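Below is one structure, written out as structure tokens, with a few remarks after it.
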Amino acid sequence: MNKLYKIAAAVALMAGGGLAALAAPPAPAGEPKTFAVLDKDGKRLADYTIPSDTLIDKEPNAEQIRYGQRLLNETRRLLPNNTGASLNCSSCHVQQGKKPLGAPYINSVNSFPQFNPRAGREVTLADRINGCFQRSMNGKPLDKASPEMAAMLAYMKWLAQDVPHGAQVQIKNAWPIDTKLVPDSARGKTLYAAQCAACHGANGEGKRDGAGNIVFPPLWGDESFNIGAGLARTYKAAAFIRNSMPMGVNTHGNWGEGAVLSDQDAVDVAEYFTHMPRPDFPPKEKDWPDGKKPKDARY
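The sequence shown lines up with residues 114 to 412 when you count with my numbering.
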């Protein structure tokens, strides 16, 4: 691959994935990149270190891993037949699934199969990915035997490094929001205008670059996630945005570091944008067949 092609590929990756998908710059001093690992019995294993992308090229299936990484960063552009929303997987899985409290992929491979209360059955990681395509991407599932599904799984397996199946890296997926907090949608609207609209648009329409690539995804409207998505739920959304948003106001740390909003702020702004108009999810009647539907479900 010549130098010019490498530069062009890098630009395409960044543009297609949006700012949320950019690889994290070097972490500030003191920011953890190494985490403890516990097996299923709570026994301490070798520590886990978030890997640099440069290590991918040492893998025998490096090309497949890189393809999976691109699919997660440029989902809408590369898989237009499977996506109805103008989002990428990395729009929500911040820093390519490496960020603590930003829905990391780090434990994904080693956590499946697992029982899913919403589905009422055990699901595989491929099932879970397809659930995101149908809900968060408001699109269609991938063929589980497709090269694209295999590539996404390969990237997540690489990200898990050598952590054995069933063990867990002690890294949090999201901030532990108290669901007893009472949301205030009117206050959330004001907070959205002050903290979110500069990136996601005054009407939640999102923003694109000059080439039409997604930079900041739409938070409501026809091109956003549907009501069946986890982020369409107030407390689920608040747990994510509390420490991953807003991106553009920080003067220190990395993209997606958040820590600007309080727990109440996050709940209020989440209540506002999650209840704005968005696509329906027709199979919603099949969700939570065993009951125990969360109180913030949109249906």
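For glycine and all other residues, C-beta sits at the position ideal for the given N, C-alpha and C.
Note that the structure is predicted; figures quoted are calculated from it, not measured.
Discussion item. Can you look up residue 302 in the DSSP assignment and give me helix, strand or coil?
Written reply: Sequence index remark: in the sequence shown, residue 302 carries index 189 (1-based). Helix.
Discussion item. Along the chain, where does the alpha helix (DSSP H) containing residue 246 start, and where does it finish?
Written reply: The residue given as residue 246 occupies position 133 in the sequence shown. Per DSSP, residue 246 is one residue of the alpha helix (DSSP H) stretching across 238-247.
Worksheet entry | Beta-carbon proximity check, residue 209 vs residue 185, cutoff 8 Å | Sequence index remark: in the sequence shown, residue 209 carries index 96 (1-based). Sequence index remark: in the sequence shown, residue 185 carries index 72 (1-based). Yes, the pair counts as a contact, with Cβ atoms nearer than the cut-off.
Worksheet item: For residue 183, which three-state DSSP category applies?
Response: Indexing the sequence shown from 1 puts residue 183 at position 70. In this structure, residue 183 counts as helix in the three-state DSSP scheme.
Worksheet item: What three-state label does DSSP hand residue 318 in the structure shown?
Response: Within the sequence shown, numbered from 1, the residue matching residue 318 stands at position 205. Residue 318: coil per DSSP, three-state reduction.
Practice prompt. For residue 325, count neighbouring C-beta atoms within 10 Å of its own C-beta (all shown protein chains included) and say buried if the count is 16 or more, exposed if not.
Written response: The sequence position of residue 325 within the sequence shown is 212, counting from 1. Exposed, because fewer than 16 other Cβ atoms sit within 10 Å of the Cβ of residue 325.
Discussion item. Using only the alpha-carbon positions, how far apart do residue 181 and residue 271 sit?
Written reply: Position 68 of the sequence shown, counted from the start, is the residue given in the question as residue 181. Position 158 of the sequence shown, counted from the start, is the residue given in the question as residue 271. Straight-line Cα distance between these residues: approximately 10 Å.
Worksheet item: DSSP state of residue 336, grouped into three classes?
Response: Along the sequence shown, one-based indexing puts residue 336 at 223. Note: residue 336 maps to coil in three-state DSSP.
Worksheet entry | Boundaries of the beta strand (DSSP E) in which residue 227 is found, first to last residue | Indexing the sequence shown from 1 puts residue 227 at position 114. Run containing residue 227: 227-229, per the beta strand (DSSP E) assignment.
Item to complete: Rounded to whole angstroms, what's the CA-CA distance from residue 352 to residue 319? Just pull it up for me.
Response: Numbered from 1 along the sequence shown, position 239 holds the residue referred to as residue 352. Numbered from 1 along the sequence shown, position 206 holds the residue referred to as residue 319. Computed Cα separation, rounded: 21 Å.
Fill in: Other residues of its chain near residue 264: CB distance less than 7 Å, five sequence neighbours each side excluded
Residue numbering aside, residue 264 sits at position 151 when the sequence shown is read from its first letter. These residues qualify, in order along the chain: 177, 180, 181 and 184.
Discussion item. For residue 387, tell me which candidate among 400, 328 and 298 has the shortest Cα-Cα distance.
Written reply: Translated into positions along the sequence shown, residue 387 becomes position 274. It is 298.
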